[in-house]
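Counting from 89, one number per residue, gives the positions in the sequence shown under the numbering used here.
I have placed the structure first, in the form of structure tokens, so that the comments after it can refer back to it.
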Amino acid sequence: MYEQPSSYLSPKIQARPKANGNGNGIFAQQILTKGELLAVFGGVVYAWDSFVHLSEKERSLCIQVEENLFLVPRPIGDGDYVNHSCNPNAGLSGQIALVAMRDIRPGEEICFDYAMSDTAAYDEFECGCGAPNCRGSVTSCDWQLPEIQKRYAGYFAPHVQRRIDAQHKAERAAHRAEKYGYTGANARPNMLYD
Ligand SMILES: [Zn+2]
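This is the structure:
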């Protein structure tokens, strides 16, 4: 019996095996314009403790949606075969929607960068995406790289953006402490001008 997949994929996109035999991918069938909605992920939400006991296949197709929560597609659909690239053409809008970061031509594979969603070490791997700027390995710490934060501004999942904001706040506080000799929290405003 046909079961409705838990994810949505734009009708302008098709899932098919990759030419290099390296699993499935999703490919533009028509021109997609910057900002266009490409896919919406769905499924069952697992906390880390139960998520780690799932099969490797289910874990590899999931997306991290919060600090400790993982969305596992069930049933799996075409929209769940979105691969990683270090030079992606798509990014996240919120926790579960994928949008075009630039115009995409027919035939192009649609990829996002797992740094946009991953802060937990459940899917780290040596990367063979083939992009000129490939960073060689994909880890749960990649969101911390300044270049990544700059390039994907506006396309991170909310839990990653909160970490980035906290990191920048801590950096600014450390900078102030170094410059003015105080930590900021209880400082009088006029200390800034001393
Ligand atoms: Zn890569």
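No residue lacks a Cβ here, since even glycine has one placed at the ideal position from N, Cα and C.
What you are looking at is a predicted structure, and each value in this text was computed from that prediction instead of being measured.
- In the DSSP secondary-structure assignment, residue 265 is not bridged to any residue.
- Given a length threshold of 4 residues, each whole run of the alpha helix (DSSP H) inside the stretch 224–256 is given here in chain order: 234–239.
- Taken atom to atom, the span from the alpha-carbon of residue 142 to that of residue 164 is near 14 Å.
- Leaving aside the five residues that flank residue 181 on each side, the residues in its chain whose CB is nearer than 6 Å to its CB run, in chain order, 187.
- According to the DSSP assignment, residue 144 belongs to no beta strand (DSSP E) but to the alpha helix (DSSP H) extending over 144–149.
- When 132, 102, 95, 144 are compared, the shortest CA-CA separation from residue 211 is found for 144.
- Residue 138: not part of any beta strand (DSSP E); member of the alpha helix (DSSP H) spanning 136–139, first to last residue.
- Residue pairing by DSSP leaves residue 164 without any beta bridge partner.
- Looking at the DSSP output, residue 130 bridges to nothing.
- Using a Cβ distance threshold of 8 Å, residue 197 and residue 114 count as a contacting pair.
- Proximity of the beta carbon of residue 239 to ligand 1 is not indicated: no heavy atom of the ligand is located closer than 7 Å.
- In terms of CA proximity to residue 228, 205 leads the group 159, 205, 167.
- Counting C-beta atoms within 10 angstroms of its own C-beta, residue 121 has fewer than 16 neighbours from the protein chains shown and is therefore classed as exposed.
- Pairing residue 170 with residue 259, the inter-Cα distance amounts to about 34 Å.
- Across the structure, residue 162 and residue 155 are spaced so that their CA atoms are roughly 21 Å apart.
- The residue from 178, 203, 177 with its alpha-carbon nearest to that of residue 152 is 203.
- Collapsing the DSSP output to three states places residue 212 in coil.
- Cβ-Cβ distances below 6 Å link residue 175 to 219, 221 in the same chain, with the five nearest sequence neighbours on each side left out; the list follows chain order.
- Of the candidates 252, 126, 106, 126 places its Cα closest to the Cα of residue 200.
- When rounded, the separation of the alpha-carbon atoms in residue 223 and residue 269 is 38 Å.
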